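For reference, the structure discussed in these notes is given below.
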Amino acid sequence: MTEPDPMMAEIGRGIELSHSGEREAAHRLFAGLWDAIGATGDAFHRCVLAHSMADVQDDPREELVWDLRALEAAHLISDERARQGGVAGSVAVFYPSLHLNLGDVYRRLGDLDRARDHLACGRAAIGELGDDDYGKLIREGLDRLAHQLSTA
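Using my numbering, read the sequence shown as starting at 2 and increasing by one per residue.
The structure is reproduced here in structure tokens:
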């Protein structure tokens, strides 16, 4: 049995705050955690934290900054580190969601070419997703993004 990861517990607490409508409290918690981790800290923590921090941004330009940080950190995570963090399988399971978020924020910012690029990357990675509620959520999100881009 692995030891509980205090940083992941705190990130989880921030996600719960966000999901319960306390976005500002989540934002403050995430900002403090980012200060503690630093821009060169553990890539797994940075990826999950940046991915979560993007969700509590009001400005899509700031959301983009955090989504890009999450993707950059994901490229540095080994499969072994992902497993240590509780990911069943490969770190590649992160990519569909990361690209979905980037595609969506680029769409909202009016950069449809980049949005389409990230949609294509997200779709190319969906084979990594399980056949579960999370996989279904991400697949539906990619389909929704594709529809939005087809009518843009």
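The beta carbon of each residue, even a glycine, is placed where N, CA and C say it ideally should be.
Source: prediction; values computed, not measured.
- Shown here, V106 sits in a helix according to DSSP, grouped into three states.
- Excluding five sequence positions before and after Y96, the CB atoms of its chain that fall closer than 6 Å to its own CB belong to A126, given in chain order.
- By the criterion of a C-beta distance shorter than 6 Å, H46 is surrounded in its chain by M8 and I38, once the five residues flanking it on both sides are discounted.
- Secondary structure at L120: helix, using DSSP grouped into helix, strand and coil.
- Counting every other CB atom within 10 Å of its CB across the protein chains shown gives Y107 a total of 16 or more, marking it as buried.
- Separation of D118 and L103 (C-alpha to C-alpha, rounded to the nearest whole angstrom) is 9 Å.
- Taking the Cβ atoms as the reference, A71 lies roughly 10 Å from H100, outside the contact range of under 8 Å.
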